[in-house]
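S.K.: These protein sequence lines are chains A and B, in that order.
Residues are numbered in the numbering used here as their position in the first sequence, beginning at 1, plus a constant of 558.
Residues are numbered in the numbering used here as their position in the second sequence, beginning at 1, plus a constant of 558.
No residue lacks a Cβ here, since even glycine has one placed at the ideal position from N, Cα and C.
What you are looking at is a predicted structure, and each value in this text was computed from that prediction instead of being measured.
Pasting a structure here, questions to come.
Protein chains: 2
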Amino acid sequence: MSSEDMHRFGADQLHEQIVAVLRAWGMPGEPAAATATVMVETDLSGVDSHGVSMLMMYEKLRSEDRLKLDAVPRVVRDAPAFAVVDAGAGLGHPAGLHALELAIGKAAVCGIGAVAVGNSHHLGALGHYVRSAAQRGLVALMTTTTRTPVVAALGGTTPILGTNPIAFAAPRAGGGELVVDMSTSVVAMNKVKAYALSGRDLPVGWVSDRSGDPVTDAALAYSLLTTHAATLTPLGGSSSETGGHKGFGLSLMVNVLSAAFSGGALPFDDADSDNLGHFVLVIDPTRVAEGGETARYVDDLVRLLVRDEPHVILPGGPEAAARAARGRDGIPIPENLLEQLRGICGRAGTEMILTPLA
Amino acid sequence: MSSEDMHRFGADQLHEQIVAVLRAWGMPGEPAAATATVMVETDLSGVDSHGVSMLMMYEKLRSEDRLKLDAVPRVVRDAPAFAVVDAGAGLGHPAGLHALELAIGKAAVCGIGAVAVGNSHHLGALGHYVRSAAQRGLVALMTTTTRTPVVAALGGTTPILGTNPIAFAAPRAGGGELVVDMSTSVVAMNKVKAYALSGRDLPVGWVSDRSGDPVTDAALAYSLLTTHAATLTPLGGSSSETGGHKGFGLSLMVNVLSAAFSGGALPFDDADSDNLGHFVLVIDPTRVAEGGETARYVDDLVRLLVRDEPHVILPGGPEAAARAARGRDGIPIPENLLEQLRGICGRAGTEMILTPLA
Chain A
559 MSSEDMHRFG ADQLHEQIVA VLRAWGMPGE PAAATATVMV ETDLSGVDSH
609 GVSMLMMYEK LRSEDRLKLD AVPRVVRDAP AFAVVDAGAG LGHPAGLHAL
659 ELAIGKAAVC GIGAVAVGNS HHLGALGHYV RSAAQRGLVA LMTTTTRTPV
709 VAALGGTTPI LGTNPIAFAA PRAGGGELVV DMSTSVVAMN KVKAYALSGR
759 DLPVGWVSDR SGDPVTDAAL AYSLLTTHAA TLTPLGGSSS ETGGHKGFGL
809 SLMVNVLSAA FSGGALPFDD ADSDNLGHFV LVIDPTRVAE GGETARYVDD
859 LVRLLVRDEP HVILPGGPEA AARAARGRDG IPIPENLLEQ LRGICGRAGT
909 EMILTPLA
Chain B
559 MSSEDMHRFG ADQLHEQIVA VLRAWGMPGE PAAATATVMV ETDLSGVDSH
609 GVSMLMMYEK LRSEDRLKLD AVPRVVRDAP AFAVVDAGAG LGHPAGLHAL
659 ELAIGKAAVC GIGAVAVGNS HHLGALGHYV RSAAQRGLVA LMTTTTRTPV
709 VAALGGTTPI LGTNPIAFAA PRAGGGELVV DMSTSVVAMN KVKAYALSGR
759 DLPVGWVSDR SGDPVTDAAL AYSLLTTHAA TLTPLGGSSS ETGGHKGFGL
809 SLMVNVLSAA FSGGALPFDD ADSDNLGHFV LVIDPTRVAE GGETARYVDD
859 LVRLLVRDEP HVILPGGPEA AARAARGRDG IPIPENLLEQ LRGICGRAGT
909 EMILTPLA
């Protein structure tokens, strides 16, 4: 079934459905609504792997008592421009939003503010958080560790590092934002999964087995990755000649920023929670530059990049296009995901309210 | 002449020589000594392209009256954890060091501190700055814009962005630092130059002409790059399939951080100075984490990466090896560079004191 054949659903109804499930799982109303907003925005932006489709993973973590839906994020260290938050083994979304607001408040006073979050779980797509800051005129950078060790050190074959993403956003004068949101591996895990679902072979250079040989069967590759029996190449490829040491270095940087201040897990820690770590950095340009200068610079730079260049795709461009299309036509959900959502609703004892748009 | 045949020089003597030239050019004693230290440390670390070999470029910029050797960096905006510095069209080294000290002071009070520098010039290798912060127990991140537009937007053919490097360092418990220092292009310009000097062909995928066709003749590629007639591929390659959009996004992030707060130049600005912008960020772990926790995390992570992996090259590893070898055996300087340095000394009216180690 291609995405054109899928049923489509309104963002508001999807929000309501997610809130109902989270509340049935014991999450209070306010964080449930905030979490659902992040998830729906992620689906609206076309990042299907990080939106409502994550509910199955959350259900599994909850059933294992690793994920505490009623956790309240709590500041455990506080300096004027930096705080550390303990997410209490809860979902990453409310913790990430809490950290973002804290960092914004600190940046308003100090020019810059940062918050490291520990003892957390999956928080969706980082792009949502930094974009929301840029919509408020702020510059934001965010990183997180991820759950499954898949990337090896350059020259090694043991999967140690996650796909460790980094996101950055800045406001553009005249409206809109520059948004960068990327894993530091050559592709994110969901891309491998998407190839598997559509039966396409992976390009050589994405996934290698533990002997270093390429794995191009996407379904096999995904299965090997999730069981630590294969590695995902860092951004830049598997050799220094193509810059693989740079992707490896970026992944280390993300890992340190995200977890080294907040007591986040090392890879393969056998903790009670996933203990993911996040890092949020916010700069308030009104405190450090002439009024509007920063947003004007960003806009001028972007205009320079696309001038006379019809084929340029700006970072964040595909997501903005998806938001326009899905905001108008609804969010496509494949039948197998709908079926899984029905199961979740049933087990949670809440009604399945999703009905396709006409 | 291979590097084994080159004459080698002691670091202290090289430092003295650089100070003499900078002072003859009108730079006061303290910034001259500090600049020479950065340059010699860069040569010691094996990053030959960014050390003493840059004196020719500085001489040229000075002769064009673009570079002001007697400039004094000056804080023009100041918030508790963020400042903006005007480098006064001076060399980037004293401005970068000034910014680093400012950021360190702010981090000691606020947990984090950042400084953006504008109206600056080349500042050497970023790795030196962040490593020196990590040696003081701090975590540091640094970015800069660069002089020559060489990288196009993904899908475009006009060179707009510089090689826009990013560097990151963190202390390791038990001594040593994790240091990442990388351009956000597939290779730095100096790598293309090095291939040209040694007569090797470039790998396909590094440089393309304005039609998008690969240029593998290294001398031709370097010449085309310096005249905006070719482009250097972003980290990740020239297609989204290999992650080229990620290197492009990182380059944009570096450009915005480095220049958007400090009034740095847009590419192709025809300003009086190069007007490069730098960005320095420092986190003081003692303000935000349990004592020693951050350095312990970094060390544990690095140990995990190399455990049972004999072939792993850690970021910063080659530079550390070069520092050990060159600290012992001296810094190799090829004859043609020595000849150029003789010319510089002659024109500056200062003695050439460099004498090879026995």
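Along the segment 625-649 of chain B, where does the CB come closer than 9 angstroms to a CB of chain A? Name the residues.
M.R.: Within the segment 625-649 of chain B, the residues whose Cβ lies closer than 9 angstroms to some Cβ of chain A are Arg-635, Asp-636, Ala-637, Pro-638, Ala-639, Phe-640, Ala-641 and Val-642, listed in chain order.
S.K.: Beta-carbon within less than 7 angstroms of A/Phe-806's beta-carbon, same chain only, minus the 5 sequence neighbours each way: which residues are those?
M.R.: Indexing the first sequence from 1 puts residue 806 of chain A at position 248. Hits under 7 angstroms: Ala-711, Leu-712 and Pro-792.
S.K.: Below 7 angstroms CB to CB, which residues in the same chain sit around A/Gly-646 once its five sequence neighbours on both sides are set aside?
M.R.: The residue given as residue 646 of chain A occupies position 88 in the first sequence. Around A/Gly-646: Lys-626, Ala-629, Val-630, Pro-631, Arg-632 and Asn-677.
S.K.: In the DSSP assignment, what residue or residues form a beta bridge with B/Arg-635?
M.R.: To locate residue 635 of chain B, count along the second sequence from 1; it is residue 77. Its beta-bridge partners are B/Val-642.
S.K.: Run the proximity test for B/Thr-908: is its beta-carbon closer than 8 angstroms to any non-hydrogen atom belonging to the ligand NAP?
M.R.: In terms of ligand content, the structure shown is empty, and the ligand NAP therefore cannot be addressed.
S.K.: Could you run through the segment 852-867 of chain A and flag, in chain order, every residue whose CB is less than 9 angstroms away from some CB of chain B?
M.R.: So the close ones are Thr-852, Ala-853, Arg-854, Tyr-855, Val-856, Asp-858, Leu-859, Val-860, Leu-862, Leu-863, Val-864, Arg-865, Asp-866 and Glu-867.
S.K.: Does the contact criterion of 3 or more C-beta pairs under 8 angstroms hold for the segment 832-839 of chain A versus the segment 695-705 of chain A?
M.R.: Touching, yes.
S.K.: Among A/Glu-867, A/Gly-770, A/Tyr-855 and A/Arg-905, whose alpha-carbon lies nearest the alpha-carbon of B/Glu-867?
M.R.: Position 309 of the second sequence, counted from the first residue, corresponds to residue 867 of chain B. It is A/Gly-770.
S.K.: For B/His-803, decide whether its Cβ has a neighbour in chain A, counting only Cβ atoms nearer than 9 angstroms.
M.R.: The residue labelled residue 803 of chain B in the question sits at position 245 within the second sequence. Yes, contact with chain A.
S.K.: Just mark B/Leu-810 as buried or exposed, buried being the case when its beta carbon has 16 or more other beta carbons within 10 Å.
M.R.: Your numbering for residue 810 of chain B matches position 252 in the second sequence. B/Leu-810 is buried by the Cβ-count criterion.
S.K.: Below 7 angstroms on C-beta distance, what does A/Arg-918 contact in chain B?
M.R.: In the structure as shown, chain A begins at 559 and stops at 916. Residue 918 of chain A is therefore absent and cannot be evaluated.
S.K.: Please look up how many angstroms separate the CB atoms of B/Leu-602 and B/Ile-889, rounded, as I've assumed it's under 8 angstroms.
M.R.: Position 44 of the second sequence, counting from 1, holds the residue named residue 602 of chain B. Position 331 of the second sequence, counting from 1, holds the residue named residue 889 of chain B. Contact holds; Cβ gap of about 6 angstroms.
S.K.: Enumerate in chain order the residues of its own chain whose CB-to-CB distance from B/Leu-872 is below 8 angstroms, with the five nearest sequence positions on each side excluded.
M.R.: To locate residue 872 of chain B, count along the second sequence from 1; it is residue 314. The residues are Leu-736, Val-860, Leu-863 and Val-864.
S.K.: So, does the segment 604-612 of chain A touch the segment 644-662 of chain A, judging by three or more C-beta pairs under 8 angstroms?
M.R.: They do not touch, by the three-pair rule.
S.K.: From the beta carbon of A/Phe-567, is the nearest beta carbon of chain B less than 9 angstroms away?
M.R.: Against the first sequence, residue 567 of chain A aligns to sequence position 9. For A/Phe-567, the answer is no, since every Cβ of chain B falls outside 9 angstroms of its Cβ.
S.K.: If you count every other CB in all the chains shown that lies within 10 Å of the CB of A/Thr-742, and 16 or more means buried, which is it?
M.R.: Counted from its first residue, the first sequence places residue 742 of chain A at position 184. It is buried - the Cβ of A/Thr-742 has at least 16 other Cβ atoms within 10 Å.
S.K.: Can you find the residues in the same chain that come closer than 6 angstroms, C-beta to C-beta, to B/Gly-650, ignoring five residues on each side of it along the sequence?
M.R.: Residue numbering aside, residue 650 of chain B sits at position 92 when the second sequence is read from its first letter. So the list reads Ser-678, His-679, His-680 and Leu-681, once near-sequence residues are dropped.
S.K.: How long is the line joining the alpha carbons of B/Ile-902 and B/Glu-617, rounded to whole angstroms?
M.R.: Within the second sequence, the letter at position 344 stands for residue 902 of chain B. Within the second sequence, the letter at position 59 stands for residue 617 of chain B. When rounded, the distance between both Cα atoms is 8 angstroms.
S.K.: Between A/Leu-572, A/Asp-623, A/Val-708 and A/Thr-774, which lies nearest to A/Pro-761 when the distance is taken from Cα to Cα?
M.R.: Counted from its first residue, the first sequence places residue 761 of chain A at position 203. Taking only the C-alpha atoms, the option nearest A/Pro-761 is A/Thr-774.
S.K.: Which two residues bound the contiguous beta strand (DSSP E) that contains B/Phe-567?
M.R.: Numbered from its first residue, the second sequence carries residue 567 of chain B at position 9. Here the beta strand (DSSP E) through B/Phe-567 covers 565-567.
S.K.: For A/Pro-843, which of helix, strand or coil comes out of DSSP?
M.R.: Taking the first residue of the first sequence as position 1, residue 843 of chain A is located at position 285. Reduced to three states, the DSSP call for A/Pro-843 is helix.
S.K.: Out of B/Trp-764, B/Val-579 and B/Ala-639, point me to the one whose CA is closest to B/Leu-839's CA.
M.R.: As a first step, residue 839 of chain B must be located in the second sequence, where it is residue number 281. With distances taken between Cα atoms, B/Leu-839 lies closest to B/Ala-639.
S.K.: Using the beta-carbon count (16 or more within 10 Å), is B/Phe-826 buried or exposed?
M.R.: Taking the first residue of the second sequence as position 1, residue 826 of chain B is located at position 268. With fewer than 16 Cβ atoms within 10 Å of its Cβ, B/Phe-826 is classed as exposed.
S.K.: Can you give the Cα-Cα distance for B/Ser-560 and B/Leu-790, rounded to whole angstroms?
M.R.: Residue 560 of chain B sits at position 2 when you count from the first residue of the second sequence. Residue 790 of chain B sits at position 232 when you count from the first residue of the second sequence. In this predicted model, B/Ser-560 has a pLDDT of only 49, less than 50, meaning its place in the structure is not dependable enough to derive any value.
S.K.: If the cut-off is 9 angstroms on Cβ atoms, which residues from the segment 809-842 of chain A count as contacting chain B, listed in chain order?
M.R.: Result list: Leu-810, Met-811, Asn-813, Val-814, Leu-815, Ala-817, Ala-818, Phe-819, Ser-820, Gly-821, Gly-822, Leu-824, Pro-825, Phe-826, Leu-839, Ile-841 and Asp-842.
S.K.: Return yes when the Cβ of A/Ala-746 is within less than 9 angstroms of the Cβ of A/Pro-723, no when it is not.
M.R.: As a working mapping, residue 723 of chain A is identified with position 165 in the first sequence. As a working mapping, residue 746 of chain A is identified with position 188 in the first sequence. Their beta carbons are under 9 angstroms apart, which means A/Pro-723 touches A/Ala-746 by this criterion.
S.K.: Leaving out five residues before and five after A/Glu-877 in sequence, what residues of the same chain have Cβ atoms less than 8 angstroms from its Cβ?
M.R.: In the first sequence, counting from the first residue as 1, residue 877 of chain A sits at position 319. Contacts found: Ser-603, Gly-604, Val-605, Gly-685, Val-737 and Asp-739.
S.K.: For the segment 729-743 of chain A, list every residue whose C-beta sits within 7 angstroms of some C-beta in chain B, in sequence order.
M.R.: Listed by position along the chain: Leu-736, Val-738 and Met-740.
S.K.: DSSP three-state call for B/His-836: helix, strand or coil?
M.R.: The residue given as residue 836 of chain B occupies position 278 in the second sequence. B/His-836: strand per DSSP, three-state reduction.
S.K.: Assign A/Pro-772 to one of three DSSP states: helix, strand, or coil.
M.R.: Counting from 1 along the first sequence, the entry for residue 772 of chain A is found at position 214. Strand at A/Pro-772.
S.K.: In whole angstroms, what separates the C-alpha of B/Ala-590 from that of B/Trp-583?
M.R.: Here residue 590 of chain B corresponds to residue number 32 of the second sequence, with the count starting at 1. Here residue 583 of chain B corresponds to residue number 25 of the second sequence, with the count starting at 1. If you take the alpha carbons of B/Ala-590 and B/Trp-583, they lie about 10 angstroms apart.
S.K.: Among A/Thr-800, A/Pro-843 and A/Ala-594, which residue has its Cα nearest to the Cα of B/Val-673?
M.R.: The residue given as residue 673 of chain B occupies position 115 in the second sequence. Ranking A/Thr-800, A/Pro-843 and A/Ala-594 by Cα distance to B/Val-673 puts A/Pro-843 first.
S.K.: Would you list, in sequence order, the uninterrupted beta strand (DSSP E) runs of no fewer than 3 residues that lie entirely inside the segment 851-904 of chain A?
M.R.: Listed in chain order, they are 889-891.
S.K.: Measure the alpha-carbon distance for B/Thr-600 versus A/Ala-665 and round it to whole angstroms.
M.R.: In the second sequence, counting from the first residue as 1, residue 600 of chain B sits at position 42. In the first sequence, counting from the first residue as 1, residue 665 of chain A sits at position 107. Whole-angstrom Cα-Cα distance: 34 angstroms.
S.K.: Taking any Cβ of chain A, which residues in the segment 785-802 of chain B have a Cβ under 8 angstroms from it, in chain order?
M.R.: Answer in chain order: Leu-793, Gly-794, Gly-795, Ser-798, Glu-799, Thr-800 and Gly-801.
S.K.: Below 8 angstroms on C-beta distance, what does B/Leu-712 contact in chain C?
M.R.: The structure shown contains no chain C; its protein chains are A and B.
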